[in-house]
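> Chain order of the listed sequences is A and B.
Residue 8 is where the first sequence starts when you use our numbering, and the numbers rise one by one after that.
Residue 8 is where the second sequence starts when you use our numbering, and the numbers rise one by one after that.
Ideal Cβ positions, reconstructed from N, Cα and C, are used throughout, including at glycine.
Nothing here was measured: the structure is a model prediction, and the numbers come from that model.
There are 2 protein chains.
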Amino acid sequence: MNNSRKILLNESEKPTHWYNIAADMPNKPQPPLNPKTKQPAGPDDLAPIFPMGLIEQEASAEKYIEIPDQVQEIYNIWRPSPLYRARGLEKALDAPVKIYYKYEGGSPSGSHKPNTAVPQAYYNKQESVKKITTETGAGQWGTALSFACAQFGIECEVYMVRISYDQKPYRKIMMNMFGADVYPSPSDRTQAGRDILAADPDSSGSLGIAISEAIEKAVQDESNKYALGSVLNHVLLHQTIIGQEALKQLEMAGDYPDLIIAPMGGGSNFAGISFPFIGENLTQGKKTRCIAVEPASCPKLTQGEFLYDHGDTAGYTPLLPMYTLGHNFRPAAIHAGGLRYHGASVLCSQLLKDGLMEAVALQQLECFQAGITFARLEGIIPAPEATHAVAQVLREARQAKKEGKEKTILFNMCGHGFVDMQAYEDYFSGKLSDHSFSENELKDGLTEIRALQP
Amino acid sequence: MNNSRKILLNESEKPTHWYNIAADMPNKPQPPLNPKTKQPAGPDDLAPIFPMGLIEQEASAEKYIEIPDQVQEIYNIWRPSPLYRARGLEKALDAPVKIYYKYEGGSPSGSHKPNTAVPQAYYNKQESVKKITTETGAGQWGTALSFACAQFGIECEVYMVRISYDQKPYRKIMMNMFGADVYPSPSDRTQAGRDILAADPDSSGSLGIAISEAIEKAVQDESNKYALGSVLNHVLLHQTIIGQEALKQLEMAGDYPDLIIAPMGGGSNFAGISFPFIGENLTQGKKTRCIAVEPASCPKLTQGEFLYDHGDTAGYTPLLPMYTLGHNFRPAAIHAGGLRYHGASVLCSQLLKDGLMEAVALQQLECFQAGITFARLEGIIPAPEATHAVAQVLREARQAKKEGKEKTILFNMCGHGFVDMQAYEDYFSGKLSDHSFSENELKDGLTEIRALQP
Numbered sequence: 008m009n010n011s012r013k014i015l016l017n018e019s020e021k022p023t024h025w026y027n028i029a030a031d032m033p034n035k036p037q038p039p040l041n042p043k044t045k046q047p048a049g050p051d052d053l054a055p056i057f058p059m060g061l062i063e064q065e066a067s068a069e070k071y072i073e074i075p076d077q078v079q080e081i082y083n084i085w086r087p088s089p090l091y092r093a094r095g096l097e098k099a100l101d102a103p104v105k106i107y108y109k110y111e112g113g114s115p116s117g118s119h120k121p122n123t124a125v126p127q128a129y130y131n132k133q134e135s136v137k138k139i140t141t142e143t144g145a146g147q148w149g150t151a152l153s154f155a156c157a158q159f160g161i162e163c164e165v166y167m168v169r170i171s172y173d174q175k176p177y178r179k180i181m182m183n184m185f186g187a188d189v190y191p192s193p194s195d196r197t198q199a200g201r202d203i204l205a206a207d208p209d210s211s212g213s214l215g216i217a218i219s220e221a222i223e224k225a226v227q228d229e230s231n232k233y234a235l236g237s238v239l240n241h242v243l244l245h246q247t248i249i250g251q252e253a254l255k256q257l258e259m260a261g262d263y264p265d266l267i268i269a270p271m272g273g274g275s276n277f278a279g280i281s282f283p284f285i286g287e288n289l290t291q292g293k294k295t296r297c298i299a300v301e302p303a304s305c306p307k308l309t310q311g312e313f314l315y316d317h318g319d320t321a322g323y324t325p326l327l328p329m330y331t332l333g334h335n336f337r338p339a340a341i342h343a344g345g346l347r348y349h350g351a352s353v354l355c356s357q358l359l360k361d362g363l364m365e366a367v368a369l370q371q372l373e374c375f376q377a378g379i380t381f382a383r384l385e386g387i388i389p390a391p392e393a394t395h396a397v398a399q400v401l402r403e404a405r406q407a408k409k410e411g412k413e414k415t416i417l418f419n420m421c422g423h424g425f426v427d428m429q430a431y432e433d434y435f436s437g438k439l440s441d442h443s444f445s446e447n448e449l450k451d452g453l454t455e456i457r458a459l460q461p
Numbered sequence: 008m009n010n011s012r013k014i015l016l017n018e019s020e021k022p023t024h025w026y027n028i029a030a031d032m033p034n035k036p037q038p039p040l041n042p043k044t045k046q047p048a049g050p051d052d053l054a055p056i057f058p059m060g061l062i063e064q065e066a067s068a069e070k071y072i073e074i075p076d077q078v079q080e081i082y083n084i085w086r087p088s089p090l091y092r093a094r095g096l097e098k099a100l101d102a103p104v105k106i107y108y109k110y111e112g113g114s115p116s117g118s119h120k121p122n123t124a125v126p127q128a129y130y131n132k133q134e135s136v137k138k139i140t141t142e143t144g145a146g147q148w149g150t151a152l153s154f155a156c157a158q159f160g161i162e163c164e165v166y167m168v169r170i171s172y173d174q175k176p177y178r179k180i181m182m183n184m185f186g187a188d189v190y191p192s193p194s195d196r197t198q199a200g201r202d203i204l205a206a207d208p209d210s211s212g213s214l215g216i217a218i219s220e221a222i223e224k225a226v227q228d229e230s231n232k233y234a235l236g237s238v239l240n241h242v243l244l245h246q247t248i249i250g251q252e253a254l255k256q257l258e259m260a261g262d263y264p265d266l267i268i269a270p271m272g273g274g275s276n277f278a279g280i281s282f283p284f285i286g287e288n289l290t291q292g293k294k295t296r297c298i299a300v301e302p303a304s305c306p307k308l309t310q311g312e313f314l315y316d317h318g319d320t321a322g323y324t325p326l327l328p329m330y331t332l333g334h335n336f337r338p339a340a341i342h343a344g345g346l347r348y349h350g351a352s353v354l355c356s357q358l359l360k361d362g363l364m365e366a367v368a369l370q371q372l373e374c375f376q377a378g379i380t381f382a383r384l385e386g387i388i389p390a391p392e393a394t395h396a397v398a399q400v401l402r403e404a405r406q407a408k409k410e411g412k413e414k415t416i417l418f419n420m421c422g423h424g425f426v427d428m429q430a431y432e433d434y435f436s437g438k439l440s441d442h443s444f445s446e447n448e449l450k451d452g453l454t455e456i457r458a459l460q461p
């Protein structure tokens with residue numbers, strides 16, 4: 008009996024290039040717009056906050072972009088990541104499914120985020136950037152960037168949403184450990200922060216405010232830049248190593264997925280595992296269904312609209328063509344902090360619009376229960392974000408059993424939940440609930456956005 | 008340039024047997040004694056609390072004991088563990104050393120403990136045990152056993168030292184997640200607990216009290232047994248897969264260690280990585296130095312005496328021949344909870360007595376600083392216990408640089424620190440201090456123990 012659980016690659020078998028899906032898309036993504044002129048935003052619009060190396064990737068039409076040696080050396084700390092066959096889950100489900108998952112929780116910060124934090128720090132270092140500023144919500148992205156900056160001797164300054172700063176001290180300590188300075192946002196270090204505090208000294212902050220603070224600090228000094236952990240094309244690009252590794256590993260296992268499932272926040276997790284397979288669909292006639300799972304409390308893909316909108320709450324960024332709930336949308340305070348984002352990345356939005364990917368929205372109670380099932384059967388405690396993928400996998404397996412139809416499923420276990428145990432405790436103690444919207448709640452938020460269209 | 012960081016084994020390359028060092032020791036360990044008769048304790052003394060499968064291993068003279076298939080299947084979740092070349096650390100140290108480390112933090116509980124929890128649950132299942140009781144201090148062992156019991160459908164009841172139960176809620180939640188019942192100890196569920204609470208309703212508990220409660224619950228019902236996470240021969244035996252994997256991985260790298268370093272609590276971590284190499288010293292003429300690192304606040308190896316003593320504070324266990332500070336010794340409340348144990352395992356004690364291993368004691372501030380250095384350079388946040396190994400590695404590297412002498416060092420990174428971030432915060436904020444003993448403090452604790460000798 009073959010009871011192998013993991014399919015491993017050696018470091019020398021790592022992908023040598025990132026995969027740029029824009030090269031293969033039948034409809035290219037529409038350009039970002041300068042919010043004042045409503046004209047396509049060019050490199051000059053982005054140069055104050057990003058290094059040119061990343062701006063070039065943002066707009067690249069090349070299908071493959073080479074991964075620099077120095078990035079590969081650091082990737083070697085946790086990459087290639089293992090591909091698991093979910094033996095425990097399969098046995099318990101007794102359905103005609105094979106289930107595989109990539110596990111990204113072995114990285115320095117415990118999620119997929121360092122896959123892009125490291126190259127972002129690298130390209131900043133190439134242009135002698137001394138300090139990178141960023142925002143973080145629950146802290147995954149801030150931790151990843153802190154680690155990456157430490158590798159290149161770059162200072163890192165993180166604006167952490169006040170309520171998370173107070174409620175999730177472990178993430179803040181991890182960032183300190185990697186050498187970053189972490190400030191609760193709103194802070195008195197920026198005009199944006201001071202304005203908010205003047206109006207509301209007890210403000211608990213928001214991702215939008217924290218972005219404003221980080222951008223303001225970055226543009227104040229030419230030797231500083233800003234970094235973002237999802238949404239943008241170059242971020243999604245870097246994550247494609249996940250799916251490329253999975254392609255090789257499944258080939259070693261003699262399998263190919265009928266279905267790929269990943270949670271959707273800004274889109275980098277979903278893109279990481281699915282884009283290389285969507286590429287195979289587009290160029291090799293494969294027919295893998297790719298499903299993004301969003302939380303029912305932030306349903307931009309299933310209930311939002313495809314519009315030009317800002318990427319941040321304060322409206323500082325270019326207008327991006329995306330499925331959105333409106334940049335002023337305030338998601339409920341669910342524990343899956345990484346999924347609380349009003350819009351979907353431009354690349355994912357175009358793919359969804361063109362029917363090249365699918366989306367579902369799930370309630371959090373079902374997701375937490377799925378996470379507990381997964382932990383007991385597979386021995387990995389999932390981050391709250393990752394439980395959304397597990398819950399959809401369980402649905403698909405039950406459906407397959409009902410239909411008596413064989414399926415091979417691949418999903419991304421994007422991070423562990425060791426620092427999210429309070430979320431599970433809240434679930435166990437009955438403090439969590441599901442979420443539904445009143446009839447006009449979502450529509451109203453979009454009225455203002457429609458006025459922004461070119 | 009070869010910049011490989013990890014040496015991986017596939018599941019099919021896992022060791023097929025555990026290695027029993029007793030078979031190769033020149034002086035066999037002296038037998039445990041029944042505390043009443045002072046005669047060697049036999050299987051009957053242990054049968055009420057352990058299954059026969061483990062009792063046989065405890066006294067086995069066989070050099071190799073086969074690992075059951077069902078245990079191997081579950082080991083596949085996280086084994087073989089990677090062997091890392093510490094490229095980041097080596098570069099920063101600029102010393103003539105090669106540094107390798109096994110990383111055991113990828114296991115379900117985040118440390119080496121599941122290596123023995125799984126076979127212990129397996130042998131209990133073979134004898135139809137319905138429930139396993141155990142104690143846990145900071146929670147690592149309790150988490151590992153909870154996970155293992157979940158794999159075999161065995162109930163798990165954990166007595167967690169009250170102060171840890173209150174201060175470290177994440178570990179308690181993890182145990183609940185794996186399906187275990189966790190009670191703060193002292194509890195009102197046992198006579199031992201009730202007696203303590205009657206005398207001191209606010210007792211913060213101790214490992215000794217928790218052991219008493221777990222044993223009392225185990226012997227109350229024939230279908231229940233008890234389990235221990237370190238110290239005993241069978242526990243150390245199971246951990247030898249770590250060192251056996253390292254032997255293979257170093258062979259693949261074309262290297263062999265001059266020096267092996269591991270932290271010492273009860274001894275299972277140290278035994279796991281070093282025993283297979285000490286075996287090579289004993290049978291193949293190799294000369295690897297093996298150094299156990301204990302905390303200066305609990306210096307049984309460097310300042311204790313080799314005596315017969317109880318394994319638990321309450322004095323329920325057989326008398327074991329070991330280096331001890333006395334079973335009533337109360338270590339300071341350092342964050343490396345796994346190292347706060349008054350005695351060393353019988354096997355390690357005999358090896359130390361015979362000059363076949365070495366020991367050093369380190370202060371905690373040096374260890375935490377080493378842990379931070381390691382996290383920044385290697386991208387893995389070490390558990391407080393594991394920082395003790397890192398600190399000694401740094402000392403050895405500096406020494407090698409001073410002497411201009413090449414060295415190959417192997418150590419065990421026995422667990423990650425994701426749920427121990429408060430310890431680092433306490434370090435950052437200057438709340439931690441080093442520890443020294445008054446002249447008679449340690450001697451006085453041993454007076455009572457000398458009276459126990461046969």
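Inspect the beta-carbon positions of residue 18 of chain A and residue 19 of chain B and report whether they are closer than 8 Å.
no
> What number of angstroms, rounded off, separates the C-alpha of residue 37 of chain B from the C-alpha of residue 252 of chain A?
53 Å
> The stretch 162-185 of chain A: which residues have C-beta closer than 9 Å to a C-beta of chain B, in chain order?
176, 177, 178, 179, 180, 181, 183, 184 and 185
> For residue 313 of chain A, report the span of its beta strand (DSSP E) as first-last.
312-317
> Would you decide whether residue 45 of chain B is buried or exposed? Buried here means 16 or more other CB atoms lie within 10 Å of its CB.
exposed
> Are any of the Cβ atoms in chain A nearer than 8 Å to that of residue 276 of chain B?
False, the Cβ-Cβ gap to chain A never drops below 8 Å.
> Taking all protein chains shown into account, decide if residue 457 of chain B is buried (16 or more other Cβ within 10 angstroms of its Cβ) or exposed.
So residue 457 of chain B counts as exposed.
> For residue 232 of chain A versus residue 225 of chain A, is the C-beta distance shorter than 8 Å?
Their beta carbons are under 8 Å apart, which means residue 232 of chain A touches residue 225 of chain A by this criterion.
> Out of A:447, A:269 and A:223, state which residue places its alpha-carbon closest to the alpha-carbon of residue 416 of chain A.
A:269
> Return no unless some Cβ of chain A is closer than 8 Å to the Cβ of residue 239 of chain B.
Among the CB atoms of chain A, none fall inside 8 Å of the CB of residue 239 of chain B.
> What do you get for residue 355 of chain A, buried or exposed, if any count of 16 or more other CB atoms within 10 angstroms of its CB means buried?
buried
> Could you give the residue range of the alpha helix (DSSP H) that holds residue 260 of chain B?
Looking at the DSSP string, the run of the alpha helix (DSSP H) that includes residue 260 of chain B is 248-260.
> Take the Cβ of residue 404 of chain B as the centre, count every other Cβ of all protein chains shown within 10 Å, and call the residue buried at 16 or more, exposed below.
Per the 10 Å Cβ criterion, buried.
> Verify the CB distance criterion: does residue 375 of chain A have a CB-CB separation below 8 Å to chain B?
Interface residue (Cβ-Cβ distance to chain B less than 8 Å): residue 375 of chain A is not classified as such.
> For residue 85 of chain A, which residues from the same chain have a beta carbon less than 6 Å from its beta carbon, with the 5 sequence-adjacent residues on both sides left out?
Spatial neighbours of residue 85 of chain A in its own chain (CB-CB distance under 6 Å, excluding positions within 5 residues in sequence) are listed in chain order as 113 and 114.
> By the criterion of Cβ-Cβ separation under 9 Å, what are the contact partners of residue 115 of chain B in chain A?
Residues of chain A passing the Cβ test: 382, 385, 386, 387 and 388.
> In terms of DSSP beta bridges, what is residue 106 of chain B paired with?
B:416
> Which chain B residues are close to residue 428 of chain A, counting only those with a beta carbon under 9 Å from its beta carbon?
Neighbours of residue 428 of chain A on chain B, chain order: 176, 177, 178, 179, 180, 181, 184 and 426.
> Residues of chain B with CB under 9 Å from residue 456 of chain A, in chain order?
None at all; the shortest Cβ gap to chain B is about 39 Å.
> Could you spell out the range, first to last residue, of the beta strand (DSSP E) harbouring residue 192 of chain A?
188-192
> Would you mind telling me which residues of chain A sit closer than 8 Å to residue 323 of chain B, beta carbon to beta carbon, in chain order?
Listed by position along chain A, the residues whose Cβ is nearer than 8 Å to that of residue 323 of chain B form an empty set, because the closest Cβ is around 32 Å away.
> Could you check where the alpha helix (DSSP H) with residue 141 of chain A kicks off and where it finishes?
Where residue 141 of chain A is concerned, there is no enclosing alpha helix (DSSP H), although the beta strand (DSSP E) it sits in stretches over 138-143.
> Give the C-beta separation of residue 371 of chain A and residue 439 of chain A to the nearest angstrom, bearing in mind that I take them to be a contact with Cβ-Cβ under 8 Å.
6 Å
> Go ahead and label residue 8 of chain A buried or exposed: buried means 16 or more other beta carbons lie within 10 angstroms of its beta carbon, across all protein chains shown.
Low confidence applies to residue 8 of chain A: its pLDDT is 44, below 50, so where it sits in the model is not reliable, and the reading given next is rough at best. Residue 8 of chain A is exposed by the Cβ-count criterion.
> Select from A:419, A:117, A:160 and A:238 the residue whose C-alpha is nearest the C-alpha of residue 324 of chain A.
A:238
> According to a CB-to-CB cut-off of less than 8 Å, which residues of the stretch 12-40 of chain A neighbour chain B?
12, 13, 15, 17, 18 and 19
> Just curious, the alpha helix (DSSP H) that residue 434 of chain B is in, first and last residue?
Where residue 434 of chain B is concerned, the enclosing alpha helix (DSSP H) stretches over 428-435.
> If we count Cβ pairs, one from each stretch, closer than 8 Å, do we get three or more for the stretch 120-137 of chain B versus the stretch 167-181 of chain B?
no
> According to a CB-to-CB cut-off of less than 7 Å, which residues of the stretch 126-157 of chain B neighbour chain A?
Those residues of the stretch 126-157 of chain B that come within reach of chain A (Cβ to Cβ, closer than 7 Å) are 154 and 157.
> Using the beta-carbon of each residue, which ones in chain A are nearer than 7 Å to residue 431 of chain B?
180 and 184
> What residues are listed by DSSP as bridge partners for residue 6 of chain B?
An answer regarding residue 6 of chain B cannot be provided, because it is not within the stretch 8 to 461 covered by chain B.
> How many angstroms separate the CA atom of residue 145 of chain B from the CA atom of residue 339 of chain B?
14 Å
> Buried or exposed for residue 59 of chain B, going by 16 or more other Cβ atoms inside 10 Å?
exposed
> Who does residue 333 of chain A pair with in a DSSP beta bridge?
In the DSSP assignment, no residue is bridged to residue 333 of chain A.
> Three or more beta-carbon pairs under 8 Å between the stretch 19-36 of chain B and the stretch 93-109 of chain B, yes or no?
Output reads no: the stretch 93-109 of chain B does not touch the stretch 19-36 of chain B.
> For residue 420 of chain A versus residue 387 of chain A, is the C-beta spacing smaller than 8 Å?
yes
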